[in-house]
Amino acid sequence: MLHKSDLGAFQPNVALFVLVGLITLRLLWRRFGGGLSGIPGPALAKCTRLWKLHSVWKGDHHRTEIKLHQQHGPLVRIGPRHVSIADPAAIPTGFYPIQCISWNKEPQMNLFSTRDEQFHRDQKRPVANAYSMTSLLELEPAVDSCTEIFRSQLQGFADKQRPIDLGTWLQYYAFDVVGEFTFAKKLGFLQEGRDVDDMMNGIQGILAYASLCGQVPEAHKFLLGNPLMPILMPSMESWNQVLQFTLKQVNSRTSLKRDGELGKVGLEKGKDMLSRWMAIHYSDPGKMSTRDVIVHLSTNVFAGSDTTAIALRAIVYFLLRNPTTMDRMVGEIDEADRLGRLSSPISYRESISHLPYLGAVVKEAMRLHPSVGLILERHVPKAGITVCDKHIPAGTTVGINAWVLHHDPKVFPDPESFLPERWLESAPEKLREMEQSFFAFGAGSRTCVGKNISLIEIHKIIPQLLRDFTFQLRKPEEWKTENAWFVQQKGLQHPTTAFVGVAVEKRIQAACKADNAEKKPNFAALARSYSVSVYRLRARFQGRPSRSDRTIVNKRLDISKKMPLFPG
Numbered sequence: 001m002l003h004k005s006d007l008g009a010f011q012p013n014v015a016l017f018v019l020v021g022l023i024t025l026r027l028l029w030r031r032f033g034g035g036l037s038g039i040p041g042p043a044l045a046k047c048t049r050l051w052k053l054h055s056v057w058k059g060d061h062h063r064t065e066i067k068l069h070q071q072h073g074p075l076v077r078i079g080p081r082h083v084s085i086a087d088p089a090a091i092p093t094g095f096y097p098i099q100c101i102s103w104n105k106e107p108q109m110n111l112f113s114t115r116d117e118q119f120h121r122d123q124k125r126p127v128a129n130a131y132s133m134t135s136l137l138e139l140e141p142a143v144d145s146c147t148e149i150f151r152s153q154l155q156g157f158a159d160k161q162r163p164i165d166l167g168t169w170l171q172y173y174a175f176d177v178v179g180e181f182t183f184a185k186k187l188g189f190l191q192e193g194r195d196v197d198d199m200m201n202g203i204q205g206i207l208a209y210a211s212l213c214g215q216v217p218e219a220h221k222f223l224l225g226n227p228l229m230p231i232l233m234p235s236m237e238s239w240n241q242v243l244q245f246t247l248k249q250v251n252s253r254t255s256l257k258r259d260g261e262l263g264k265v266g267l268e269k270g271k272d273m274l275s276r277w278m279a280i281h282y283s284d285p286g287k288m289s290t291r292d293v294i295v296h297l298s299t300n301v302f303a304g305s306d307t308t309a310i311a312l313r314a315i316v317y318f319l320l321r322n323p324t325t326m327d328r329m330v331g332e333i334d335e336a337d338r339l340g341r342l343s344s345p346i347s348y349r350e351s352i353s354h355l356p357y358l359g360a361v362v363k364e365a366m367r368l369h370p371s372v373g374l375i376l377e378r379h380v381p382k383a384g385i386t387v388c389d390k391h392i393p394a395g396t397t398v399g400i401n402a403w404v405l406h407h408d409p410k411v412f413p414d415p416e417s418f419l420p421e422r423w424l425e426s427a428p429e430k431l432r433e434m435e436q437s438f439f440a441f442g443a444g445s446r447t448c449v450g451k452n453i454s455l456i457e458i459h460k461i462i463p464q465l466l467r468d469f470t471f472q473l474r475k476p477e478e479w480k481t482e483n484a485w486f487v488q489q490k491g492l493q494h495p496t497t498a499f500v501g502v503a504v505e506k507r508i509q510a511a512c513k514a515d516n517a518e519k520k521p522n523f524a525a526l527a528r529s530y531s532v533s534v535y536r537l538r539a540r541f542q543g544r545p546s547r548s549d550r551t552i553v554n555k556r557l558d559i560s561k562k563m564p565l566f567p568g
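Numbered per our numbering, the sequence shown spans residues 1 to 568.
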């Protein structure tokens, strides 16, 4: 006979049994239902997003995805409703919003974070002109001034025989250049030689949060997206250091009124983005609000420095790890310099016109180490899509990881090797295939709006550094990387040395380029008339003098005379 006491003990057991049963059914549905059961992937990933969250938390998710695609093919299921695609032809639409700033406690979508395609077009249209190559090159002299400060700081390290964390200094350079393009001012990173306002650490914190919370976006509203958070913890209102830093820079140029409007003083006829966008706002406030301006400026600060710095580090690192490639790169710079094709500082047009091997080096470094390390997520539309002969139902989150595309051995043979020649020597058909799979700046309408900023910085500073200095890895072992949305590198330290020592002899074989014969004498002819050798002195490792000096040595009289290459 069943007693009431037995029922009391039985009811919790039934509840537990039902709960376990429901959880099991849910996991089984995730694993086998939803139209994705035929797509391979880790067993746990098919049941729960915890697998993906843990993989991202480890900081090497990009490498994990490469291995999964090598094992399973072009489609890999990395979550219950998440599919990673290794097919550049399949780029669906839609973003999920996580990486965004807050304004008056409200999240503000931007070109980097919105999943609304119409919003993306509306936001991009008024700002696109400021990112055009023509507009950006109007500010090239400001970039040159950043280069001069960087060179001066490097010379200081060389003079004192001190090693330098070049990776950090490259990011200082990227920050100051972004400051010139965005606010018409340097942000102080190069001049002060430090992380101004702790911005670099602040951005790393935001990226770490976004990369993890992005795997379970609904958690954001309970964490930093909680409207009660600023009330319960007032200090958290300033967690978004990017916005605070942006407002500080804006206030240094013009006044920010109590109603949130910006003053006009200090913004007249400027060519920087703040001036350009405020001019649009004043002419048509409906086209671009003050809030829109601040959001775009903040996006520049957030995404403009890290991505470029990562590319710069990769270029220098892979050159140093491959001496033969470095020799060819420096040789190309030397030859262009010898022919008078490079000014100082080197201009962007000179770099892309006269240094083709540099273009291949840049592309190969960004192939081997793209900045973004997670899939660029899209939502499948209502009708569903067919990718690689597989139907993917509506609502599925899909995306492409640049690391996966760039390390596909079918497209890039020997994908782990640094081979710039592949971009110069491949057959036209192969080159088109590689270009289609090159995803460092995204693709289509979602191509990185700041692409030209990065290209200008890279094509100007890399040849300048290699012309003026020689670097050597202090620790030749592999660097360390950590994937928190951007794949950051650690351990890029170089010793530089003093500007004295043995010169590298190189006889001039052709006349110097002379646009103005009166100001630019033919030093090859001059050297021959005095029966001399011409030495090119470069700030190279083991203490070699600055390349800006040229020494003419009279062999007959055993005397030397230092002369400027282009006097006057």
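We put the CB at the ideal spot given by N, CA and C, even for glycine.
Given the structure is predicted, the values throughout are model-derived calculations rather than measurements.
- With contact defined as three or more Cβ pairs closer than 8 Å, the segment 67-87 and the segment 402-414 are in contact.
- Annotated three-state conformation of LYS363 is helix, per DSSP.
- Rounded to the nearest whole angstrom, the C-alpha separation of SER275 and TRP485 is 31 Å.
- By a beta-carbon distance limit of 8 Å, HIS62 contacts VAL487. Their separation comes to about 6 Å.
- Within its own chain, the residues whose Cβ lies closer than 8 Å to the Cβ of LYS382, once the five positions on either side in sequence are excluded, are ALA394, listed in chain order.
- GLY59 has its alpha-carbon roughly 46 Å from the corresponding atom of SER283.
- Listed as beta-bridge partners of ASP272 by DSSP are no residues whatsoever.
- Contact between ALA142 and GLU180 holds: their C-beta atoms lie close to 4 Å from each other, under 8 Å.
- The C-alpha of ASP468 is placed about 51 Å away from the C-alpha of ASN226.
- The straight-line gap separating the alpha-carbon atoms of ILE458 and THR308 is approximately 8 Å.
- Selection LYS185, VAL380, PHE439, GLU416 evaluated against MET273 yields LYS185 as nearest (Cα-Cα).
- Taking each of ARG338, LYS480, ILE461, PRO74 in turn and checking the Cα distance to GLU140, the smallest one comes out for ILE461.
- Between the segment 279-297 and the segment 143-163 there are fewer than three C-beta pairs closer than 8 Å, too few to call the two in contact.
- For PRO163, the three-state secondary structure derived from DSSP is strand.
- A contact is defined here as three or more CB-CB pairs under 8 Å, and the segment 375-389 fails this definition with respect to the segment 296-313.
- The three-state secondary structure of HIS369, taken from DSSP, is coil.
- The Cβ-Cβ distance between PRO463 and ILE346 falls below 8 Å.
- By the criterion of a C-beta distance shorter than 7 Å, VAL387 is surrounded in its chain by LEU75, ILE85, ASP87, ALA90, once the five residues flanking it on both sides are discounted.
- ILE78 is positioned such that its CB atom lies no closer than 8 Å to that of ALA43.
- Pairing PHE412 with LYS52, the inter-Cα distance amounts to about 27 Å.
- The three-state reading of DSSP puts GLN241 in helix, counting H, G and I together.
- Straight-line measurement puts the Cα of GLY205 at about 40 Å from the Cα of LEU342.
- Shown here for GLU421: same chain residues with a beta carbon closer than 8 Å to its own, the five before and five after excluded, namely ALA360 in chain order.
- Counting the other CB atoms within 10 Å of its CB gives PHE183 a total of 16 or more, which places it among the buried residues.
- Taking the C-beta atoms as reference points, GLY304 is found nearer than 8 Å to VAL178.
- Within the segment 397-472, the complete beta strand (DSSP E) runs of at least 3 residues fall at 397-400.
- Relative to the Cα of ASP176, the nearest Cα in the group HIS391, ASP306, GLY331 belongs to ASP306.
- In the structure shown, ALA484 adopts extended strand secondary structure according to DSSP, grouped into three states.
- Relative to GLU425, the option among LEU212, PHE439, PRO356, MET229 whose CA is nearest is PRO356.
- Sequence-distant Cβ neighbours of TYR173 in its own chain, meaning closer than 7 Å and more than five residues away, are CYS146, PHE150, LEU190, ILE461.
- Rounded to the nearest whole angstrom, the C-alpha separation of THR324 and TYR131 is 36 Å.
- Per DSSP, the beta-bridge partners of VAL387 are LYS390.
- In the DSSP assignment, GLU478 falls outside any beta strand (DSSP E) and carries neither an H nor an E.
- Residue environment for GLN436: exposed (fewer than 16 other C-beta atoms within 10 angstroms of its C-beta).
- Per the coordinates, the alpha-carbon of ALA158 lies some 33 Å from the alpha-carbon of VAL372.
- Secondary structure of VAL76 (DSSP, three-state): strand.
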